[in-house]
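**Student:** Below are the structure tokens for one structure; questions will follow.
2 protein chains.
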Amino acid sequence: MFWDITHQWKENLMENFVFYSPTYFVFGKEEETRAGHYVKRFGGKKVLIHYGGGSVIRSGLLDRVKLSLKAEGIDFVELGGVKPNPRSGLVYEGIELCRKENVDFVLAVGGGSTIDSSKAIAAGAVYDGDFWDFYQGKSVTKALPIGTILTISAAGSEGSPDSVITNEDGMYKRGATGEAFRPAFSILNPALTQTLPPFQIACGITDIMAHLFERYFTTTIEVEVTDRMIEGLLLTVIKEAPRVTEDSNNYQAQANIMWAGMMAHNNSCGVGRVQDWASHDIEHELSAIYDCAHGAGLAVVFPAWMQYNMKHDINRFAQLAVRVWGCEMDFMNPENTAKAGIAALRSFWTSIGMPSDFAGLGAKEEDIEKMAHTACYGDGRTGTIGGFVKLEEKDVAAIYRLML
Amino acid sequence: MFWDITHQWKENLMENFVFYSPTYFVFGKEEETRAGHYVKRFGGKKVLIHYGGGSVIRSGLLDRVKLSLKAEGIDFVELGGVKPNPRSGLVYEGIELCRKENVDFVLAVGGGSTIDSSKAIAAGAVYDGDFWDFYQGKSVTKALPIGTILTISAAGSEGSPDSVITNEDGMYKRGATGEAFRPAFSILNPALTQTLPPFQIACGITDIMAHLFERYFTTTIEVEVTDRMIEGLLLTVIKEAPRVTEDSNNYQAQANIMWAGMMAHNNSCGVGRVQDWASHDIEHELSAIYDCAHGAGLAVVFPAWMQYNMKHDINRFAQLAVRVWGCEMDFMNPENTAKAGIAALRSFWTSIGMPSDFAGLGAKEEDIEKMAHTACYGDGRTGTIGGFVKLEEKDVAAIYRLML
Chain A
1 MFWDITHQWK ENLMENFVFY SPTYFVFGKE EETRAGHYVK RFGGKKVLIH YGGGSVIRSG
61 LLDRVKLSLK AEGIDFVELG GVKPNPRSGL VYEGIELCRK ENVDFVLAVG GGSTIDSSKA
121 IAAGAVYDGD FWDFYQGKSV TKALPIGTIL TISAAGSEGS PDSVITNEDG MYKRGATGEA
181 FRPAFSILNP ALTQTLPPFQ IACGITDIMA HLFERYFTTT IEVEVTDRMI EGLLLTVIKE
241 APRVTEDSNN YQAQANIMWA GMMAHNNSCG VGRVQDWASH DIEHELSAIY DCAHGAGLAV
301 VFPAWMQYNM KHDINRFAQL AVRVWGCEMD FMNPENTAKA GIAALRSFWT SIGMPSDFAG
361 LGAKEEDIEK MAHTACYGDG RTGTIGGFVK LEEKDVAAIY RLML
Chain B
405 MFWDITHQWK ENLMENFVFY SPTYFVFGKE EETRAGHYVK RFGGKKVLIH YGGGSVIRSG
465 LLDRVKLSLK AEGIDFVELG GVKPNPRSGL VYEGIELCRK ENVDFVLAVG GGSTIDSSKA
525 IAAGAVYDGD FWDFYQGKSV TKALPIGTIL TISAAGSEGS PDSVITNEDG MYKRGATGEA
585 FRPAFSILNP ALTQTLPPFQ IACGITDIMA HLFERYFTTT IEVEVTDRMI EGLLLTVIKE
645 APRVTEDSNN YQAQANIMWA GMMAHNNSCG VGRVQDWASH DIEHELSAIY DCAHGAGLAV
705 VFPAWMQYNM KHDINRFAQL AVRVWGCEMD FMNPENTAKA GIAALRSFWT SIGMPSDFAG
765 LGAKEEDIEK MAHTACYGDG RTGTIGGFVK LEEKDVAAIY RLML
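If you read the sequences in order, they're chains A and B.
Read in order, the letters of the first sequence correspond to residues 1 to 404 in the numbering used here.
Read in order, the letters of the second sequence correspond to residues 405 to 808 in the numbering used here.
If you want it as structure tokens, here you go:
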């Protein structure tokens with residue numbers, strides 16, 4: 001609340017905030033060959049290299065990273081096997097390995113799943129209790145320093161204080177956050193994303209857009225600077241998406257998307273405003289149960305969420321439609337413009353190969369009630385999700401039904 | 405240079421870069437009352453409080469800051485008297501004071517001039533030679549930690565690795581840069597800017613826009629992400645400017661401008677691209693000689709620079725005109741659109757009270773040759789300035805003549 005010049009209490013104006021993004025970002029071609037240099041710069045002597053599997057090995061990336069560590073005389077152990085929607089089991093394994101080997105630095109080589117798994121390990125390795133405490137709301141204030149070598153533009157975990165892990169005991173997918181989760185350094189080489197298949201690239205782009213939408217839909221008013229930054233980042237990925245899904249070798253387009261993906265989620269465009277995040281919660285149930293790609297899930301969830309919640313601020317939806325999708329403003333009936341924006345989003349995601357309904361994800365109607373309940377009450381939640389609109393279980397179920 | 409899929413060497417694509425902005429930003433109402441808390445967090449035990457004069461004292465801000473330091477048991481000395489276009493004399497005085505009093509933290513309370521002067525002192529205090537070395541090109545790798553409490557949205561020094569000082573021995577105005585110049589923390593309370601006179605507010609807005617233009621005009625191609633971010637920040641300040649020059653008490657508008665001013669200059673929207681900065685060099689001659697406000701000088705310089713250099717990339721100027729000023733694209737003759745954009749910029753700056761020519765700055769035609777020579781050859785320069793177009797002395801003189 002704020003006492004303004006008109007002598008009325010106004011609510012929902014820009015909130016006080018802290019913004020602290022101390023990650024050392026190294027961006028560009030071949031920078032991964034200097035991984036050892038940066039590990040040393042940030043104090044690492046015994047490194048856990050954490051990664052997924054096949055492509056990081058096949059492409060020779062893992063070998064280049066090891067060579068770079070050896071050249072600096074840095075000792076390391078390794079743990080592969082991270083899967084999309086990373087699981088708690090491997091985290092426990094990583095924590096044990098760090099303790100046994102006296103690891104003092106965690107180096108993630110991969111995408112959001114690998115980075116998130118690395119963050120969980122880095123926090124768990126220096127914590128006496130169960131690392132899952134952090135994913136039930138405990139703030140992460142201490143962790144081993146983390147470095148990342150990013151292989152897909154998507155999650156933004158390379159610059160964020162966040163991590164999402166699926167607990168195999170109940171298949172809860174939950175997030176943790178804290179300053180200690182900001183990587184010490186992140187190496188972003190767009191050339192590493194040139195070997196990705198189009199579907200994965202499109203999933204990444206969808207995730208980036210979702211991170212921007214989660215921040216865009218807010219109850220905070222008069223936040224022009226963050227509105228405009230979000231719109232600018234959306235315009236960037238919308239322009240570049242068809243260029244990279246058609247030709248993944250387009251370095252320039254990959255580079256623009258990669259920096260946009262980091263900026264979309266390090267929160268410089270989300271400061272001082274209420275954010276939503278219900279769509280992520282709704283999607284997490286889908287990817288936890290059906291193990292679909294997080295980006296693909298978001299492509300199904302977000303248009304449904306928009307359709308259901310549009311009425312809460314028609315003008316905000318119209319603003320997005322006009323500024324980002326180039327829709328004509330219908331001044332007599334802005335709702336038409338808002339709807340046109342959602343239709344444009346659906347078309348766009350379809351055009352880059354994203355699914356648009358439950359069938360496309362392998363999701364089942366009979367699971368809706370269970371998912372809606374878990375999203376609102378599972379694992380410590382208290383009945384509502386979302387900051388723009390507080391959704392109850394019945395709302396979440398209705399949104400799932402819009403995806404059939 | 406980059407070997408692309410079409411098997412041709414392409415020049416001028418996005419460059420490798422490092423982005424490192426570790427400043428702890430604390431934004432919002434009354435945050436200055438926690439200055440002591442943040443000084444302590446970043447290790448300060450004996451502080452130099454550096455400031456300008458009148459308003460910081462009259463408004464009670466300085467007292468609030470001292471109270472906050474005392475409450476944390478932090479000792480301090482103070483040095484006021486910073487003037488706009490800060491001078492080397494006071495820097496030497498500050499360095500001597502730091503050494504004599506064993507100061508370990510410099511706290512700037514003021515605008516860009518105060519912060520820049522504080523940075524120079526912080527570097528000089530731990531350097532054996534003359535601090536001016538840094539302003540002649542030596543990289544700043546070591547300095548006392550710096551905190552800032554910002555009182556005007558303008559220079560962006562609260563988040564930048566830069567500082568500009570005028571050497572009284574010859575009246576050279578020069579910049580220094582280096583990672584050690586990024587403040588440890590910066591407190592941004594938009595309410596502190598509500599007492600500024602409209603002319604100063606408008607000068608600050610002009611400076612912010614100039615920082616964005618210096619980055620926008622580039623020879624690097626296909627840098628959509630930074631183009632769009634710059635455009636978004638320009639659209640923000642263009643919308644908010646009339647609201648704050650008409651009513652400086654508009655907190656929300658001041659807040660949007662304040663965050664835009666930081667983002668405009670911490671370089672997140674300037675990464676990976678050639679930047680220009682000739683207009684700043686051209687302006688620095690004016691403010692060094694006539695002691696005009698830096699923002700006012702930029703309002704005179706930039707349209708002239710644009711007019712002179714437009715021909716080097718008509719489409720980039722047209723893009724700015726369409727996306728930021730809402731000009732119609734003239735597809736038959738994009739030069740008309742480019743010109744319309746420059747005209748819109750002139751009108752905008754006039755509308756918020758900025759001067760538009762030499763007379764408005766108190767500058768004199770007879771000094772043109774001297775200023776053009778100093779801009780290109782003074783104090784170690786080697787004949788050209790600018791990254792978008794390399795300007796020689798005769799070009800700079802011609803640009804000055806366009807301001808008559």
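For every residue, glycine included, the Cβ atom is placed at its ideal position computed from N, Cα and C.
Keeping to the same chain, check which residues put their C-beta closer than 6 Å to that of leucine 192 (chain A); ignore five residues upstream and five downstream.
**Tutor:** If you number the first sequence from 1, residue 192 (chain A) lands on position 192. Hits under 6 Å: Thr151.
**Student:** What three-state label does DSSP hand tyrosine 51 (chain A) in the structure shown?
**Tutor:** In the first sequence, residue 51 (chain A) corresponds to position 51, counting from 1. Strand, per DSSP.
**Student:** Using a Cβ-Cβ cutoff of less than 7 Å, which residues in the same chain neighbour histidine 615 (chain B) once the five nearest sequence positions on both sides are dropped?
**Tutor:** Here residue 615 (chain B) corresponds to residue number 211 of the second sequence, with the count starting at 1. Excluding residues within five positions, the ones whose Cβ falls inside 7 Å are Gly560, Ala668 and His669.
**Student:** Would you tell me roughly how many angstroms separate the C-alpha atoms of valine 271 (chain A) and isoleucine 803 (chain B), rounded to the nearest one?
**Tutor:** As a working note, residue 271 (chain A) is residue 271 in the first sequence. As a working note, residue 803 (chain B) is residue 399 in the second sequence. Distance between the alpha carbons of valine 271 (chain A) and isoleucine 803 (chain B) is about 40 Å.
**Student:** Give the C-beta separation of serine 425 (chain B) and serine 672 (chain B) to the nearest angstrom, bearing in mind that I take them to be a contact with Cβ-Cβ under 8 Å.
**Tutor:** Within the second sequence, the letter at position 21 stands for residue 425 (chain B). Within the second sequence, the letter at position 268 stands for residue 672 (chain B). Rounded, the Cβ-Cβ distance is 7 Å, consistent with contact.
**Student:** Can the beta-carbon of glycine 447 (chain A) be found closer than 8 Å to that of isoleucine 201 (chain A)?
**Tutor:** Since the first residue shown for chain A is 1 and the last is 404, residue 447 (chain A) is missing from the structure and cannot be characterised.
**Student:** According to DSSP, simplified to helix, strand and coil, what is leucine 67 (chain A)?
**Tutor:** Mapped onto the first sequence, residue 67 (chain A) falls at position 67. Three-state result, leucine 67 (chain A): helix.
**Student:** Can you pull the chain A neighbours of serine 672 (chain B), defined as C-beta to C-beta under 8 Å?
**Tutor:** For the purposes of this step, residue 672 (chain B) is taken as the residue at position 268 of the second sequence. Ordered by position in chain A, the residues that pass the 8 Å Cβ test against serine 672 (chain B) are Met263 and Ser268.
**Student:** With a cut-off of 8 Å, does the C-beta of leucine 320 (chain A) fall near any C-beta of chain B?
**Tutor:** As a position in the first sequence, residue 320 (chain A) is number 320, starting the count at 1. No, because no Cβ of chain B sits closer than 8 Å to the Cβ of leucine 320 (chain A).
**Student:** Counting only the same chain and skipping the five closest in sequence on each side, list residues whose C-beta sits under 6 Å from that of isoleucine 409 (chain B).
**Tutor:** Taking the first residue of the second sequence as position 1, residue 409 (chain B) is located at position 5. Since pLDDT at isoleucine 409 (chain B) reaches only 45, below the 50 mark, its modelled position is unreliable, and no value is offered.
**Student:** Counting only beta-carbon atoms, is serine 351 (chain A) nearer than 8 Å to chain B?
**Tutor:** The residue you call residue 351 (chain A) lines up with position 351 of the first sequence. Output row for serine 351 (chain A): interface = no.
**Student:** Among residues of its own chain, excluding the 5 on either side of threonine 640 (chain B), which ones have a beta-carbon nearer than 6 Å to its beta-carbon?
**Tutor:** The sequence position of residue 640 (chain B) within the second sequence is 236, counting from 1. If we look at threonine 640 (chain B) and ignore the five residues flanking it on each side, its Cβ neighbours are Asn660 and Ala664.
**Student:** Looking at the C-beta of arginine 677 (chain B), does it have a partner C-beta in chain A at a distance below 8 Å?
**Tutor:** Sequence index remark: in the second sequence, residue 677 (chain B) carries index 273 (1-based). Output row for arginine 677 (chain B): interface = no.
**Student:** If the cut is a Cβ gap below 7 Å, which residues of chain A does glutamate 650 (chain B) touch?
**Tutor:** In the second sequence, residue 650 (chain B) corresponds to position 246, counting from 1. By Cβ distance, chain A contributes nothing, its closest Cβ being about 11 Å from glutamate 650 (chain B), past 7 Å.
**Student:** Identify the contact partners of asparagine 256 (chain A) in chain B, using a Cβ-Cβ distance below 8 Å as the criterion.
**Tutor:** Walking along the first sequence from the start, residue 256 (chain A) turns up at place 256. Within 8 Å Cβ-Cβ: Met418, Glu626, Val627, Glu628 and Val629.
**Student:** Compare the beta carbon distance of glutamine 194 (chain A) and serine 248 (chain A) with 8 Å and say whether it is the shorter of the two.
**Tutor:** Sequence index remark: in the first sequence, residue 194 (chain A) carries index 194 (1-based). Sequence index remark: in the first sequence, residue 248 (chain A) carries index 248 (1-based). For glutamine 194 (chain A) and serine 248 (chain A), yes; Cβs fall inside 8 Å.
**Student:** Ignore the nearest five residues each way along the sequence and tell me which others in glycine 484 (chain B)'s own chain have a CB closer than 6 Å to its CB.
**Tutor:** Numbered from its first residue, the second sequence carries residue 484 (chain B) at position 80. Counting only Cβ-Cβ distances below 6 Å, and skipping sequence neighbours, we find Tyr455 and Gly457.
**Student:** Could you give the DSSP three-state label for aspartate 227 (chain A): helix, strand or coil?
**Tutor:** The residue given as residue 227 (chain A) occupies position 227 in the first sequence. Aspartate 227 (chain A) falls in the helix class under three-state DSSP.
**Student:** Within the chosen definition, does the segment 771 to 781 of chain B reach the segment 643 to 658 of chain B through at least 3 CB pairs nearer than 8 Å?
**Tutor:** No, the segment 771 to 781 of chain B is not in contact with the segment 643 to 658 of chain B.
**Student:** If we ignore side chains and look at the alpha-carbon of each, how far apart do arginine 805 (chain B) and arginine 727 (chain B) end up?
**Tutor:** One-based indexing of the second sequence puts residue 805 (chain B) at position 401. One-based indexing of the second sequence puts residue 727 (chain B) at position 323. Each residue's alpha carbon lies about 29 Å from the other.
**Student:** In this structure, how does DSSP classify glycine 790 (chain B) when only helix, strand and coil are distinguished?
**Tutor:** To locate residue 790 (chain B), count along the second sequence from 1; it is residue 386. Glycine 790 (chain B) falls in the coil class under three-state DSSP.
**Student:** Starting from serine 21 (chain A), find everything on chain B with Cβ-Cβ shorter than 7 Å and list it in chain order.
**Tutor:** To locate residue 21 (chain A), count along the first sequence from 1; it is residue 21. Under the 7 Å cutoff, chain B gives Ser425.
**Student:** Rounded to whole angstroms, what is the Cα-Cα separation between phenylalanine 2 (chain A) and leucine 13 (chain A)?
**Tutor:** For the purposes of this step, residue 2 (chain A) is taken as the residue at position 2 of the first sequence. For the purposes of this step, residue 13 (chain A) is taken as the residue at position 13 of the first sequence. Only weak support exists for where phenylalanine 2 (chain A) lies, its pLDDT of 38 falling under 50; the value from the coordinates is given anyway. Going from the Cα of phenylalanine 2 (chain A) to the Cα of leucine 13 (chain A) covers about 7 Å.
**Student:** List, from N- to C-terminal side, the beta strand (DSSP E) runs of 3 residues or more that fit wholly inside the segment 527 to 590 of chain B.
**Tutor:** Runs found: 550 to 554, 566 to 571 and 576 to 581.
**Student:** Is it buried or exposed for aspartate 281 (chain A), if we count other Cβ within 10 angstroms and need 16 for buried?
**Tutor:** One-based indexing of the first sequence puts residue 281 (chain A) at position 281. The residue is buried, with at least 16 neighbouring Cβ atoms inside 10 Å.
**Student:** Serine 356 (chain A): which of A:Ala397, A:Ala318 and A:Ala299 sits nearest, CA to CA?
**Tutor:** As a working note, residue 356 (chain A) is residue 356 in the first sequence. Closest option to serine 356 (chain A), Cα to Cα, is A:Ala299.
**Student:** Check phenylalanine 480 (chain B) in the structure and name its three-state DSSP category.
**Tutor:** The residue labelled residue 480 (chain B) in the question sits at position 76 within the second sequence. Strand, per DSSP.
**Student:** Identify the contact partners of tyrosine 428 (chain B) in chain A, using a Cβ-Cβ distance below 9 Å as the criterion.
**Tutor:** Position 24 of the second sequence, counted from the first residue, corresponds to residue 428 (chain B). Residues of chain A passing the Cβ test: Val18, Phe19, Tyr20 and Pro22.
**Student:** Inspect the CB distances between the segment 102 to 117 of chain A and the segment 160 to 174 of chain A and report whether three or more fall short of 8 Å.
**Tutor:** Yes, they touch.
**Student:** Nearest by alpha-carbon distance to glutamine 136 (chain A): which of A:Asn102, A:Met329, A:Val164 and A:Arg87 is it?
**Tutor:** Looking up residue 136 (chain A) in the first sequence gives position 136. Among A:Asn102, A:Met329, A:Val164 and A:Arg87, the Cα nearest to that of glutamine 136 (chain A) is on A:Val164.
**Student:** Can you pull out the residues from the segment 430 to 444 of chain B whose beta carbon lies closer than 7 Å to at least one beta carbon of chain A?
**Tutor:** Going along the segment 430 to 444 of chain B in chain order, one finds Val430, Phe431, Gly432, Lys433 and Glu435 with a Cβ nearer than 7 Å to chain A.
**Student:** Let me confirm a value: tryptophan 413 (chain B) is counted as buried when at least 16 other C-beta atoms fall within 10 Å, else exposed. Which label applies?
**Tutor:** Here residue 413 (chain B) is taken as the residue at index 9 of the second sequence, counted from 1. A caution first: tryptophan 413 (chain B) carries a pLDDT of 43, below 50, which makes its placement in the model unreliable, though a value can still be read off. With fewer than 16 Cβ atoms within 10 Å of its Cβ, tryptophan 413 (chain B) is classed as exposed.
**Student:** Return the first residue and the last residue of the beta strand (DSSP E) that threonine 427 (chain B) is part of.
**Tutor:** One-based indexing of the second sequence puts residue 427 (chain B) at position 23. 421 to 431 is the span of the beta strand (DSSP E), which, as asked, contains threonine 427 (chain B).
**Student:** Following the continuous alpha helix (DSSP H) through glycine 514 (chain B), name the residue where it begins and the one where it ends.
**Tutor:** For the purposes of this step, residue 514 (chain B) is taken as the residue at position 110 of the second sequence. No alpha helix (DSSP H) holds glycine 514 (chain B); the beta strand (DSSP E) holding it covers 509 to 514.
**Student:** Using CA atoms only, rank isn't needed, just tell me which of B:Gly448, B:Ala475, B:Phe535 and B:Glu796 is closest to arginine 491 (chain B).
**Tutor:** On the second sequence, position 87 is the one that residue 491 (chain B) refers to. Nearest C-alpha to arginine 491 (chain B): B:Phe535.
**Student:** Whose C-alpha, out of A:Gly383, A:Phe213, A:Gly204 and A:Val396, is nearest the C-alpha of proline 84 (chain A)?
**Tutor:** Position 84 of the first sequence, counted from the first residue, corresponds to residue 84 (chain A). Looking at the Cα atoms, A:Gly204 is the closest of the given residues.
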